[in-house]
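Okay, so here's the structure we're looking at.
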Amino acid sequence: MNQQPAAPSASPDDHKQRWGTRLGIILAVAGSAVGLGNFLRFPGNAAANGGGAFMIPYFVSFLLLGIPIGWAEWAMGRYGGRKGFHSTPAIMGVWGKGAFARYMGAFGVLVPLVIYFYYVVIESWCLRYAFAYATGGIGVDPGATVAAQVEASKAYFGEVTFSAANGVLADGGVHASVWFWLVTFALNAWFVFRGLSRGIEKFCLWAMPTMAVCALVVLGRVLTLPPDAVNPAEQNVLSGLNFMWNPDFAMLLNPQTWLAASGQIFFSMSVGFGLIINYASYLRRRDDVVLSGLTAGATNGFFEVALGGMITLTASVVFLGLAATQANSGGTFSTGFFALPVVFARMPAGQFFGAVWFFMLFLAAITSSLSMLQPAKAFFAETLGLTNGRATLFTAFICLLGNLFVLWFSQDLIALDTLDFWVGTFLIFVVAGTQIICFSWVTGLERGLKEAHEGSLIRIPRFVAFIMKWVSPAYLLVVFGLFCWLKVPGYVRTITGSDGSPPNMAALYAWAVILITIVLLLTVTAIGARRWRAAGLDLDGRLPAPDDDDDGPGGAR
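Under my numbering, the first residue of the sequence shown carries the number 82, and numbering increases by one thereafter.
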């Protein structure tokens, strides 16, 4: 293949952006995946869908969706970076060979950007919880009954989220949680402004090991808990582990179990977000992506299953019992914010372990939220020709508006839930499906595998290649069909109204936010396409990528 001269950069500051080490990008990608989904969403999904029965479709989805699509994203991103691109629309245009894939790629910016609108708010709740536990607790009486403790835990959660009414004012002043959000928002903006190696990578190199230590400390305490004094036969560590690992095969006949498992894989592994594509675009041609992608995925699985699941579910069964654990698993926040504070109240030294747990959640959340800001910043930089500083400010301003919307429309968390459903779940399926089709069918599987194997330390097995081309798209289509059948009608009714009830205005406003953001991103994508074409960049993937085997300073080694 004739090599082309080095591709010009679409972004003014592109030459400054490289990963410092291979470990750095692995931990950064793992950090983008290891987040609140691992420690809040996963235990709730597992408890609500039969514990051990949930683990079977979870690992099936990991093997058929998470790893294959993740590998495709790593290869797509690195190849796009060699062409001078770092945003999902540009890179999708290259692999999809045209404008349709490029505009579909804009949804790969929409997903992390809109998720950030609410994710950083939840992140700030974790910081407030950690601060509260470190300075006196959250007001759950250790001597009260379990029912009273659960109610106290829910009351504190309502106070933190100010979900009783819209607005950000309380007791004649600004709600206390707003200040924690400001600190969280500022930290995110600062690390993203500092760039890949000096900001995101450096933070993840410190944060990921710290998270592991915190989680192992809590896990060690949980696995050494004595049985419950009243019901020792059913409320003990082995019962908790048994619930998580022994499947009730009847639950596998419920399509909801399979749907929850696949959704969990997408959300927790950051597949279909556009994050991996952006991160991998800063690699060099000979930087490994196959082993790195597998390592990042395995790291995420370890944090999710061995730490998040075993800590939360086991502790909950020991102190609350199996029935109460399943009863408090009805949502993303139920197990983590309702049940666990009760566990800490009944656990010796529970206030200390509560502080460690929620501080770990905060670290997990911030490594993920940084990865949501970075793709949007790169997108605005290379479409509008902005410098790093201006792109950071522009992205931060958009996110500020989104955060304020979620903070203000806080009643019953309807606005947050609407954004999470339509963007944080529905559109992830769409983006992931587009990516795997572009990789395996439009550009072609053989060409995609050749790119993935450039510099790889291991090769993608042939049976996985078969999965990437045939099984992943088909499985994804079936799951998406189930999702539309089981989930979409209920959320549509919140917008249109049902049984004579009016539409929920917060849900309507949330949809307006989504549509406005879509229009903005599609418009900016069109502006960027004109700029890139004028600069002589290969938008439609008609030419081979340039040879960039330079191993100079900044390459990930």
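We treat Cβ as the ideally placed atom computed from N, Cα and C, and that holds for glycine.
Keep in mind that this is a model prediction, so the values were computed, not measured.
Length of the line joining the Cα atoms of residue i and residue j
i	j	result
P634	R103	Annotation note: pLDDT 33 at P634 (below 50); position unreliable, no value reported.
Q85	V202	At Q85 the pLDDT is 48, less than 50, meaning the model places this residue with poor confidence and gives no usable figure here.
G301	A246	40 Å
A341	I479	31 Å
L618	T464	12 Å
A129	Q407	6 Å
N225	S234	Before going further, note that residue 225 is Ala rather than Asn in the sequence given. Those two C-alpha atoms are separated by around 12 Å.
A153	G254	50 Å
S278	N323	43 Å
S450	N269	7 Å
V560	A310	44 Å
W222	A229	Correcting the residue type first, residue 222 is Asp in the shown sequence and not Trp. Using only the alpha carbons, I get a separation of about 8 Å.
I196	A314	43 Å
I281	G382	21 Å
D632	W260	Confidence at D632 is low in this model, with a pLDDT of 44, below 50, so its placement is unreliable and the value that follows should be read with caution. D632 and W260: Cα-Cα distance of roughly 45 Å.
L388	R611	47 Å
A546	R528	12 Å
T506	L563	13 Å
N83	R183	Because N83 carries a pLDDT of 43, less than 50, the predicted location of this residue cannot be relied on, and the following value inherits that uncertainty. Cα to Cα, N83 sits roughly 26 Å from R183.
S491	W206	13 Å
W287	S349	21 Å
L372	D621	28 Å
W438	V299	7 Å
I375	V141	Before going further, note that residue 375 is Leu rather than Ile in the sequence given. Rounded to the nearest angstrom, the two C-alpha atoms are 16 Å apart.
T291	L624	44 Å
R99	Y363	5 Å
F520	A293	34 Å
A457	M157	17 Å
A111	T380	6 Å
R638	R367	In this prediction, R638 has a pLDDT of 38, which is less than 50 and means its spatial position is unreliable; nothing more can be read from the coordinates.
D630	R365	With a pLDDT of only 49 at D630, under the threshold of 50, the placement of this residue in the model should not be trusted, and no figure is reported.
L297	F434	11 Å
T35	Q345	Given that the chain is displayed from residue 82 to residue 638, the structure contains no residue 35 and the question cannot be resolved.
T524	G116	32 Å
P627	G321	54 Å
G636	S168	In this prediction, G636 scores a pLDDT of 44, lower than 50, which makes its location untrustworthy; the coordinate-derived value is nonetheless stated afterwards. Roughly 19 Å between the two C-alpha positions.
L304	G378	25 Å
Extent of the continuous alpha helix (DSSP H) to which residue i belongs
i	result
L563	S553 to L567
H534	L526 to H534
R159	I148 to R163
E282	No alpha helix (DSSP H) contains E282, which DSSP labels as neither H nor E.
W613	M586 to A615
C656	Summary: the structure shown does not reach residue 656, with the chain confined to residues 82 through 638, and so no result is reported for it.
N126	F123 to A129
D498	I495 to F502
W206	F188 to A215
N119	Note, N119: premise wrong, no alpha helix (DSSP H); not H, not E.
G224	First-last for G224: undefined, no H or E at that position.
C-beta neighbour in chain B for residue i, strict 8 Å
i	result
G186	Among the protein chains of the structure shown there is no chain B, as only one such chain exists.
Identity of the residue in the options nearest residue i by Cα
i	options	result
F188	R614, V299, G174 and A546	G174
Y214	L306, G353, V115 and A436	A436
F166	G417, C565, A459 and N335	A459
Y360	R209, V273, G402 and M185	V273
T265	Y200, G248 and K283	Y200
I517	M549, W155 and S373	M549
L485	W262, G344, A182 and I219	W262
F418	I137, R209 and F384	R209
L108	L306, C285 and L567	C285
L497	L117, A591 and N317	A591
P170	M157, T524, D493 and M185	M185
I576	W503, G344, M332 and G466	W503
W613	W489, G355, I172 and V352	I172
L500	I597, L467 and L304	I597
N312	G402, V231, A420 and P336	G402
T216	L567, Q432, V303 and G378	Q432
P138	G125, F330 and G218	F330
A430	Q316, V399, L306 and I447	L306
W155	I106, F123 and P124	I106
I541	A446, A236, I148 and K568	I148
(message) Check whether the region 416-436 and the region 562-576 touch, using three or more Cβ-Cβ pairs below 8 Å as the test.
(response) No contact exists between the region 416-436 and the region 562-576.
(request) Please list the segments of the alpha helix (DSSP H) lying wholly inside the region 302-340, counting only runs of 4 or more residues, in order along the chain. (result) Entirely contained in the region 302-340, the alpha helix (DSSP H) runs reaching 4 residues are, in chain order, 318-326.
(request) Flag this pair as touching only if the region 582-589 and the region 552-564 have three or more C-beta atom pairs under 8 Å; answer yes or no. (result) In this structure the region 582-589 does not lie against the region 552-564, because fewer than three pairs of beta carbons, one per stretch, are closer than 8 Å.
(message) For the pair the region 392-402 and the region 469-477, tell me if three or more CB-CB distances fall below 8 Å.
(response) These segments do not touch.
(message) Tell me whether the region 118-135 and the region 325-341 touch, counting them as touching only if at least three CB pairs, one residue from each stretch, are closer than 8 Å.
(response) Contact between the region 118-135 and the region 325-341 is present, because at least three Cβ pairs lie under 8 Å.
(message) For the region 174-185 against the region 236-244, do three or more pairs of beta-carbon atoms, one drawn from each stretch, fall closer than 8 Å, so that the two count as touching?
(response) With the cut-off at 8 Å, the region 174-185 and the region 236-244 do not touch.
(request) Could I get the ranges of all uninterrupted alpha helix (DSSP H) runs contained in the region 385-451, with 4 residues as the minimum, in chain order? (result) Unbroken alpha helix (DSSP H) runs of no fewer than 4 residues, entirely contained in the region 385-451, are found at 391-401, 403-408 and 421-427, following chain order.
(request) List in chain order: all unbroken alpha helix (DSSP H) runs of 4+ residues lying wholly within the region 244-290. (result) Restricting attention to alpha helix (DSSP H) runs no shorter than 4 residues, the region 244-290 encloses them at 257-274, ordered along the chain.
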